[in-house]
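Sequential numbering of the sequence shown, starting at 178, is according to this note's numbering. Heads up, the beta-carbon is just placed ideally off N, CA and C, and yes, glycines get one too.
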Amino acid sequence: MGSHGKGKDGEGTSGLKDDDKYEPQLRFHTPTATAPQCNWWCMAQRQMQDGYVERVVHQRLKRVNITWNHPVSRDVAVIGSWDNWETRDTLHLQSPPHPHAYAIVKALPTGIYHYRFIVDGYLTHAPEFPWAFDHSGFPYNILDLQDYIPETAARLGDAQDPPSPPWTYDNMLLNDDEFGRPPPELPPQLPLTTRDDPSSSSTVLPRPSHLELNHLYIHKTDGGDFAALRSTEKFGQKYVSMVLYKSLPRER
């Protein structure tokens with residue numbers, strides 16, 4: 178939690194600096210000598226907090242280590258948006274060789290949270306972790322616990338081998354004979370059309386194939402007295418086919 182990179186569950190936010198001269202730069206809350214009395218607003222907040230716990234109990238939780246890595250005179254705690262800034266959790270001093278390392282482990286649902294440290298009774302933030310300003314101009318730290326899918330892993334399906342093996346491809350140049358071939362008299366896909374299939378309805382003809390559109394077809398039999406010409410065009414969602422019969426001159 179609190180690190181600049183996207184870490185795995187259980188990775189901490191131990192700082193990178195150990196400055197003995199460090200002092201909190203922002204002290205915008207004075208220490209409270211006595212705890213406030215609980216009124217109706219306080220009871221409502223507790224009920225909201227209980228409802229929050231009931232909602233997250235069925236969610237997947239992530240364990241995260243929150244750390245403070247600067248000198249402390251008395252104690253250090255943390256509060257955050259994970260429970261509407263209600264609970265003050267005290268951080269515990271870690272064992273050497275980190276004389277100024279305080280930490281606490283929390284289990285939180287996935288999401289983005291804001292949090293602040295309370296150092297010797299004053300609200301502040303850890304500048305070495307991600308942070309931003311609120312609407313009043315006071316800084317807070319940011320904790321990102323969202324699940325991220327690596328972009329490379331998401332594109333693994335696009336990098337699969339093609340169905341045809343590599344040895345079926347070549348880089349041979351075309352010769353003059355291949356350039357001199359005449360075009361086919363009919364499209365190769367034309368025999369695969371369903372223009373001659375029977376219709377499923379006596380009033381609706383089968384839909385023509387796209388290969389039949391805007392072509393003129395001539396049908397003539399040997400020794401016949403006429404020739405048939407057919408053309409199919411598409412207008413919007415409708416197909417219009419025209420068939421013309423032309424008589425042939427008789428041979429004398």
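- Under the three-pair Cβ rule at 8 Å, the segment 402-411 counts as touching the segment 382-391.
- 418 is the residue among 397, 401, 402 and 418 whose C-alpha sits nearest the C-alpha of residue 383.
- Boundaries of the alpha helix (DSSP H) harbouring residue 355: 353-356, taken from the DSSP string.
- Residue state for residue 258 is assigned as helix, using DSSP reduced to three classes.
- By the neighbour-count criterion, in which 16 or more other beta carbons inside 10 Å mark a residue as buried, residue 344 falls on the exposed side.
- In the DSSP assignment, residue 418 falls within the unbroken beta strand (DSSP E) covering 415-424.
- For residue 240, the beta-bridge partners assigned by DSSP are 284.
- Distances from the CA of residue 298 to each of 281, 385 and 251 were compared; the closest alpha carbon is that of 251.
- Counting along the chain, residue 407 sits inside the beta strand (DSSP E) bounded by residues 403-412.
- Secondary structure note for residue 311: it is in no beta strand (DSSP E), with a DSSP letter that is neither H nor E.
- The straight-line gap separating the alpha-carbon atoms of residue 270 and residue 320 is approximately 21 Å.
- With contacts defined by Cβ atoms closer than 7 Å, residue 300 and residue 259 do not form a contacting pair.
- In the DSSP assignment, residue 291 falls within the beta strand (DSSP E) that extends over 289-296.
- Residue state for residue 320 is assigned as strand, using DSSP reduced to three classes.
- In this structure, the straight-line span from the alpha carbon of residue 238 to that of residue 287 is close to 7 Å.
- Counting along the chain, residue 300 sits inside the beta strand (DSSP E) bounded by residues 299-301.
- Nearest Cα to residue 273 within the set 314, 246 and 421: 246.
- Taking all protein chains in view, the Cβ of residue 306 is crowded by 16 or more other Cβ atoms within 10 Å, so the residue is classified as buried.
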